[in-house]
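Working notes, beginning with the structure itself.
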Amino acid sequence: MPKDYETHRLLGVAAGVQGKHQQAIQFFTLAAGIEPGNADAWFNLAVAWNESGNKIEGKKYEQKALEIDPNIVQKRSRPGGQ
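All letters in the sequence shown, in the order written, are residues 143 to 224 by the working numbering.
Laid out in structure tokens, this is it:
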């Protein structure tokens with residue numbers, strides 16, 4: 143299993159695009175564990191939980207991302223945001 147953030151992030155994105163939300167959650171959880179200070183990592187996890195239908199978990203990880211970067215939502219909603 144790869145140990146770098148970007149690989150797990152990309153695998154999570156690929157799983158999410160395919161509708162494999164639980165798999166995306168697993169990859170994004172690994173990515174966040176590798177870079178726990180990365181707001182994007184936690185925001186990706188929040189999005190995956192929301193897309194899986196679990197809004198409570200989604201909100202929890204969104205809050206974690208906001209603690210790290212209070213502007214993460216605005217950054218991600220811009221064109222070209224991750």
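Ideal Cβ positions, reconstructed from N, Cα and C, are used throughout, including at glycine. Because the structure is a prediction, the values reported are computed rather than measured.
Bounding residues of the alpha helix (DSSP H) (the contiguous stretch that carries residue i)
i: Lys217; result: 214-219
Buried or exposed (CB count within 10 angstroms, at least 16 for buried), residue i
i: Asp146; result: exposed
i: Glu204; result: buried
i: Asn186; result: buried
i: Ile198; result: exposed
i: Ala133; result: Lying before the first or after the last residue shown, residue 133 is absent from the chain, which here runs from 143 to 224.
i: Gly158; result: buried
- Any chance you could list the alpha helix (DSSP H) runs of at least 4 consecutive residues sitting entirely within the region 159-223, in chain order? 163-176, 181-194, 197-210, 214-219
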